[in-house]
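Chains as they are written, first to last, in this note's numbering: chain A, 1 to 322; chain B, 1001 to 1567.
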Amino acid sequence: MISYITKRLWQSGLLAFIMSLIVFLGMYVVGDPVEMLSEEDWTEQDKIELAIELGLDKPLHEQYLNFAGDIIQGDFGVSFVHNRPVLDLIVERLPATLEIAVLAMVIGLSIGIPLGIYSGIKNNSRGSRIISFFSTIGYSTPNFWQAILLIMVFAVFLKWLPASGRGLTNSMFGIEWAWLSLDGLKHMTLPAINLAIYKICMQQRLAKSGTQEILYQEYMTFARAKGITRNRIIRRHLLRNILIPIVTITGLEVGGLIAFSTVTETIFSWPGIGKLLLDSIHMVDRPVVVAYLILITLMFVFINFIVDVMYAFLDPRIRHQK
Amino acid sequence: MNKSQVLQIKNLTVSYPLDSEKNAELKALDDISINLNAAEIIGIVGESGAGKSTIGKAVLGLLDPPAKMLAGEIKLLGKSMIGLNETQYESLRGNQIGYIYQNPMTALNPVLTIGEQIIEAIEANTNMSGKDSYNFAIHLLERADVSFAKDRLQKYPHQLSGGLCQRIVFAIAIAAKPKLIIADEPTTALDVTVQNSVLQTLIKLSKEEEIAIILITHDIGVVSETCDYVYVLKNGKHIEQGETVEVLEKPKQQYTKSLMASVPLIEKRLHRFSLPNSNSEINSLNLDYLKEERNIEFSSQQAILQIKNISKTFFTPASIFKPSEAFEAVRNVSFSVKRGETVGIVGESGSGKSTIGRMILGLEDLTAGSIIYQGQDLSNISNNEERLKHQLSMQCIFQDPFSSLNPRMTAGENITYGLKIHKLIDANKAKSLAEDLMEIVGLKKEDANKLPHAFSGGERQRIGIARALGYRPDFIFCDEPTSALDVSVQANLLNLLKDLQDQFSLTLLFVSHDLAVIRQMCDKVIVMKDGKALEKGNNDDIFESPQHNYTKSLLDSMPKFSGIATN
């Protein structure tokens, strides 16, 4: 088990290194920072001085080492637009995204998996068909359209929930959280549901196909022949086995939610990092975009590592692999 | 002694609807009646499709939909089981009736420990919990002859051997002291030496715990060693029943007689299986193609193939954390095969027998040693064309007839596909050649246009043989060619192979785990274990006076069946 984890950790480190190379080279190839930063009336001499100041005169590998060294020390540069350290900007916005992403995933798993297991076991029943019908609709209509419908129904007609903003926040561990106040929770609900619809449908499909595959395994019949009750068979024998693919997808999906909730955050004016990214791209705030890419990459690497460890936890055959 | 009746099945009929509109249905069981007393072991034998497993599932209420019980009565300990709901069945399963599955590796849940799986069965069927059920689990494992019982509870199924897993399944089945155990092919997935000891455990449990056992199997040898009473089924219909000795040795029905004649015997070698309806004559039609180029010297004294000290070592891929590990699949094996001879390699799973064949065919590289084929060392041939010529004259018949044919090509295309690629025949003659080959292996000419799924397992294996024959091979490697087939199909196929061998003077290397098949087919036998050739010799020497202890133990553990009484 320990050798498995160290192996995965090592691979994660390698992955992070390769990704940092790609981001760095991408940055190097695309555009010239000197042209972007210089004013129109600058002379050639001014530009050369700026290039030396930015370290662009050094050989490529040295530039990379500087770049990587800064990142390791937590220095992602300063935003052109906000004139503040980029890391501060991102860390400020991250909790907002995290809280709706986690809420959306919790809703997605807790509704999607039971529905999926039900429709897998009762395949071809009326209930299963209704579930599949709605899951297909939820899966195939665009996210922004669902958001607009949600706003129309719950904010405009019923006036139950607010349609935009984050509401009141309370502080915990020095970070502002919306879920600690009732007003904040109300504001969270619609964007989280908007994000969750996709996740529910996806988990339902995954759990359904997993269930149908596992249901006809001999150990399921044997478990029935042992005289174990139906509920226990589903909880112990079925769930453990279908969780393996679900964990993989969920890991990637959590990453996706945090990194790419841009559309939902924009529609609901949710002040998360997705919105920050969009604003930064608009205003060509390059340090923010680069830092965002690097952090997202590191996050995916980290999530992948967690997923691998969960695998080993769920499936003993992986744990005992040589 | 008047034993109490445990199970009574009366006129049981189970059907699968085939086509809902036309009301067509397949009767998986048709009017079957069975009686079973305490501590008695009855065998239910028959070939695939006989409905054997359906009986077990019907008794447990585990029939897979859309199967339906149409008529009949099942009584357990005098109480009718018809019309029970799922909850009532749950209280019977495990508690009154234990079930043992064919493949222990798939019957145990791979992600739960052995302990979890035994203890949940104990707690579902008794009042025990906590420490008591843990201790009882250890006790059960010991009853089922599992060594190091306490340690095994922590293990997962994939860490244990098939034989151990099957004993664990036994332990689970006896957890609640059931009155009846249904064992569905309990030893089919196991090696012969393991099979024997597992069966001994089963018999012991039956006697000591007074459990009645229904043993469902296709293996006549297992029945003859284990069962008191036998039922023979065919296509869901009752054929014959009676005391084991009576039915196996003096069968009354024609079907039972031919079934028993198909069983390969270990005691004596027959020239062919004496099947009542076998067509032994190959109509010599268009054999010109197959005969031509064959008139090279037919001297039977010449060794066509010499294997000299070959070894094969597999390495696990090295990583930063682990150096690569070596696994010696074949260790220093030598033998030679004369033209027209059949040499058999017998051994349990993992003994390296298939690896030898793969090395001869050039599918695996040699780690050491040399293979001399028709006087030439195969590893020294640098000329690609010449190497190809040799490789084409060596062919293979694969174990699994279901995956060895391309499902998207017709039977005929499957047979001639490779021949066309190597330009051994003209494309316009391919069709007629395929048809001829189909006839040679006992299939119909017109069936060459059908796709593989239209054929049964035995027929597919015949297509595989036809494909090998198309190359006019001098040497055929047969890798367990009949292990996926029913005995009667196996007997027909083995007869066919013998006929073809006579006709085309083929040289066969025959690999099998089944000693009886090797006994019937081979002139010379090599016994392998863990990559080593332990004993080599003529058929009669090996089977009648084995020298090596392992060979003796293999022969001892073979279930004995002496065949139909001749008088």
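Here a beta-carbon is modelled for each residue, glycine too, at the ideal position from N, C-alpha and C.
Sorted by chain position, which residues of the same chain lie with C-beta nearer than 8 Å to residue i's C-beta, five sequence neighbours on each side aside?
i	result
L987 of chain B	Beyond the ends of chain B as shown, which are 1001 and 1567, falls residue 987 of chain B; an answer cannot be given.
I193 of chain A	A104, I107, L150
G184 of chain A	R166, G167, L168, T169, N170, W177, A178
S1456 of chain B	V1489
Is the CB-CB distance between residue i and residue j below 8 Å?
i	j	result
K74 of chain A	L65 of chain A	With the sequence shown as reference, residue 74 of chain A is identified as Gly, and Lys is not the correct amino acid for it. No; because the gap between Cβ atoms is not below 8 Å, this pair is not in contact.
I1118 of chain B	I1172 of chain B	yes
D1515 of chain B	I1266 of chain B	Residue 1515 of chain B is actually Leu in this sequence, not Asp. In contact: L1515 of chain B and I1266 of chain B (Cβ atoms closer than 8 Å).
L1029 of chain B	Y1016 of chain B	no
V1169 of chain B	N241 of chain A	no
L1060 of chain B	Y1099 of chain B	yes
I1348 of chain B	T1126 of chain B	Residue identity differs from the one stated: residue 1348 of chain B is Glu in this sequence, not Ile. Cβ distance not < 8 Å, so E1348 of chain B and T1126 of chain B don't count as in contact.
G1344 of chain B	S1512 of chain B	yes
G1072 of chain B	N1235 of chain B	no
V1330 of chain B	I1356 of chain B	yes
D1474 of chain B	I1310 of chain B	no
K1250 of chain B	E1240 of chain B	no
S269 of chain A	I100 of chain A	no
M27 of chain A	T297 of chain A	no
F1335 of chain B	K1536 of chain B	yes
V1232 of chain B	G1046 of chain B	yes
I1415 of chain B	L1437 of chain B	yes
I228 of chain A	E1120 of chain B	yes
Q203 of chain A	I234 of chain A	no
Please list the partners that residue i has in chain B, where partner means a Cβ-to-Cβ separation under 7 Å.
i	result
Q217 of chain A	T1106
For residue i, return the contacting residues in chain A, with the cut-off set at a CB-CB distance below 7 Å.
i	result
P1110 of chain B	R317
Q1159 of chain B	H320
I1138 of chain B	Simply none; closest approach about 18 Å.
N1125 of chain B	G227
For residue i, collect the residues of the same chain with a Cβ closer than 6 Å to its Cβ; drop the 5 residues on either side in sequence, then sort them by chain order.
i	result
L1180 of chain B	V1006, L1007, I1097, A1212
E1142 of chain B	A1149
F1327 of chain B	F1314
G1531 of chain B	E1328, A1329, V1330, R1331, G1352
Roughly how many angstroms separate the alpha carbons of residue i and residue j, rounded to a whole number?
i	j	result
D1228 of chain B	P1559 of chain B	15 Å
K208 of chain A	L115 of chain A	8 Å
I1107 of chain B	R224 of chain A	The question names Ile, yet the displayed sequence has Ala at residue 1107 of chain B. Cα to Cα, the separation comes out at about 11 Å.
H237 of chain A	L243 of chain A	11 Å
L14 of chain A	E218 of chain A	41 Å
S1147 of chain B	R129 of chain A	50 Å
Y43 of chain A	A51 of chain A	Checking the sequence shown, residue 43 of chain A turns out to be Thr, not Tyr. Whole-angstrom Cα-Cα distance: 13 Å.
S1370 of chain B	L1554 of chain B	30 Å
L1077 of chain B	A1176 of chain B	16 Å
S12 of chain A	D1365 of chain B	36 Å
Y216 of chain A	S1324 of chain B	38 Å
V1489 of chain B	L109 of chain A	52 Å
A1368 of chain B	Q1306 of chain B	14 Å
I71 of chain A	I90 of chain A	14 Å
L1248 of chain B	G1242 of chain B	9 Å
L21 of chain A	H61 of chain A	10 Å
N1002 of chain B	A1038 of chain B	In this predicted model, N1002 of chain B has a pLDDT of only 47, less than 50, meaning its place in the structure is not dependable enough to derive any value.
If I measure Cβ to Cβ from residue i and keep anything under 7 Å in the same chain, skipping five residues before and after, which residues do I get?
i	result
P95 of chain A	I175, E176, W177
G255 of chain A	M299, F300, I303
S1278 of chain B	Because the pLDDT at S1278 of chain B is just 48, under 50, the model does not fix this residue reliably, and the value given afterwards should be weighed accordingly. The residues are N1492, N1495.
L257 of chain A	A101, A104, M105, L195
Y1101 of chain B	A1107, V1169, D1184
I214 of chain A	M220, L238, N241, I242
M310 of chain A	V247
How would you list, in chain order, the residues of chain A whose beta-carbon sits under 8 Å from the beta-carbon of residue i?
i	result
G1046 of chain B	Within chain A, no residue comes near G1046 of chain B; the closest Cβ sits about 21 Å away, beyond 8 Å.
G1094 of chain B	A225, K226, G227, I228
N1085 of chain B	Within 8 Å Cβ-Cβ: nothing; N1085 of chain B doesn't reach chain A, min ~12 Å.
Y1016 of chain B	Those do not exist, as Y1016 of chain B stays about 16 Å from chain A at its closest Cβ, beyond 8 Å.
Using the beta-carbon of each residue, which ones in chain B are nearer than 9 Å to residue i?
i	result
L314 of chain A	V1111
R240 of chain A	N1109, V1111, L1112
Since residue i meets chain A, which of its residues come closer than 9 Å, beta carbon to beta carbon?
i	result
S1091 of chain B	G227
Task: 4 or more residues per run - each alpha helix (DSSP H) lying fully within the region 1017-1103 of chain B - done: Listed in chain order, they are 1052-1060, 1086-1092.
TODO: Please go through the region 1446-1517 of chain B and give each complete alpha helix (DSSP H) segment of 4 or more residues, from N-terminal end onward.
DONE: The DSSP assignment places complete alpha helix (DSSP H) segments of no fewer than 4 residues inside the region 1446-1517 of chain B at 1457-1469, 1487-1504, in order along the chain.
Task: 3-residue-minimum beta strand (DSSP E) runs that sit fully inside the region 1386-1413 of chain B, ordered along the chain - done: Listed in chain order, they are 1394-1397.
- [ ] Entirely within the region 1208-1262 of chain B and at least 3 residues each: give me those beta strand (DSSP E) ranges in chain order.
- [x] The region 1208-1262 of chain B is shown to contain whole beta strand (DSSP E) runs of 3 or more residues at 1212-1217, 1229-1234, 1237-1243, in chain order.
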